[in-house]
Amino acid sequence: MTDIRESLVAEIDEHKLVSLILDVLSKFQSNSLIVQPGDDAAVLQGLAKPTITSDILIEDVHFKRIWSSPADIGTRAAAANLADLIAMGAEPKALTVSLGIPEKTAVGYILDLTEAIAAEAQLIGAQVVGGDVTKSEKLVVSITAVGDCENRTPILRSGARVGDKVGLIGRLGFAQAGLQLMQSGKYAPLDLILAHQRPRVDYSTGKSAWQSSNAMIDVSDGLLLDLGHIAKTSNVRISLSSNLLQNLITSDLKVAGKELGVEPIEFVLSGGDDHAFVVSGMKLPSGAVEIGSVASGAGVWLDNEPADLLGYRHFNG
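For the sequence shown, the tail end lands on 318 under our numbering, and the numbers increase by one without skipping.
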């Protein structure tokens, strides 16, 4: 008898696939739901300030299956949403997952992807509570995540104040360097490849920044571009120091720079998808690395000169 995991999704009906997915999710259930997955809708309880975000990953736009396992893709999709909630000062609670699935995808592939999403959510006390599946030409993973700011004021991009220090929680440039090295076919340190495939988000240090941060953002599109959002909405200038940024450049980034013929600091300034957190506040939390300050003015500056807002723009690369 053929293991159903080896069957193609086109060979079983939608209800059977959903049933198999629910079996996977049952290993991650908690008591925070009034209604568990499997009904027409999930019912959450006790949310004081519901906070909602969504993110989508599309095959050959955001990832390639030849470079990423289903667990990699699931982890990355969940992390993108969970990091957004942390950046808002919200405790992640629940995720819904909608999948567009090519017909020739193995059932086991989808189950592994779903399990990875649930496992990443469980790391921070959240769970998958529902979703949908449909047929598509490319693999699509769309997640909506719900969090709760509880008794806290949401941390906004518009909260930066003159005199704040600017700090980084996590690492930058690793995912971008890994991606570019794989695209070029050049030697790539394993840590850089893994950073692109499956980001490691420092959720706990991100949460520790809530009390002292005036502004916070998940760096998904690149440091300069995302800091530009804070500068614009806060009506301030963010001044970065290349000397301080040098502290973020590791030996692996130096290797990547040499292989690709670019300065390693370019990865730090423009690379996205590491899901590090940038915070601004009068006092930086333990674990944050100071990279600059907030001053009067506008825009993002590097060493007293306006910086080009390099980064990932979804409609022009």
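C-beta atoms are modelled at their ideal positions from N, C-alpha and C, and glycine is treated no differently.
| Item | Value |
| --- | --- |
| Give the straight-line distance between the Cα atoms of GLN247 and ILE53, rounded to the nearest whole angstrom. | 35 Å |
| Classify GLY312 as helix, strand or coil using the three-state DSSP reduction. | Residue placement at GLY312 is poorly supported in this model, since its pLDDT is 46, which falls under 50; the coordinates still yield a value, given next. Three-state DSSP puts GLY312 in coil, outside helix and strand. |
| When DSSP builds the beta bridges, which residues end up paired with ILE53? | VAL147 |
| With which residues is ILE13 paired in a DSSP beta bridge? | None, per the DSSP bridge assignment. |
| With a Cβ-Cβ cutoff of 8 Å, do LEU18 and VAL134 count as a contact? | yes |
| Looking only at DSSP bridge pairs, what is GLU92 linked to? | ASP149 |
| Round the Cβ separation of GLY272 and ALA176 to the nearest angstrom and send it over; I've been treating them as touching at under 8 Å. | 6 Å |
| Taking 8 Å as the threshold, find out whether the stretch 217–234 comes into contact with the stretch 84–98 through three or more Cβ pairs. | yes |
| In the DSSP assignment, what are the bridge partners of PRO103? | Per DSSP, none; premise fails for PRO103. |
| Within this structure, are the beta carbons of VAL263 and LEU249 separated by less than 8 Å? | no |
| Going by beta carbon distance, what residues of the same chain come within less than 6 Å of GLY174, once the five residues before and after it are set aside? | LEU254, PHE268, VAL269, GLY272 |
| With 16 other CB atoms within 10 Å as the buried threshold, where does HIS16 fall? | exposed |
| Kindly list the residues whose CB is nearer than 6 Å to the CB of ASP192, restricted to its own chain and excluding five residues on each side of it in sequence; keep chain order. | ASP253 |
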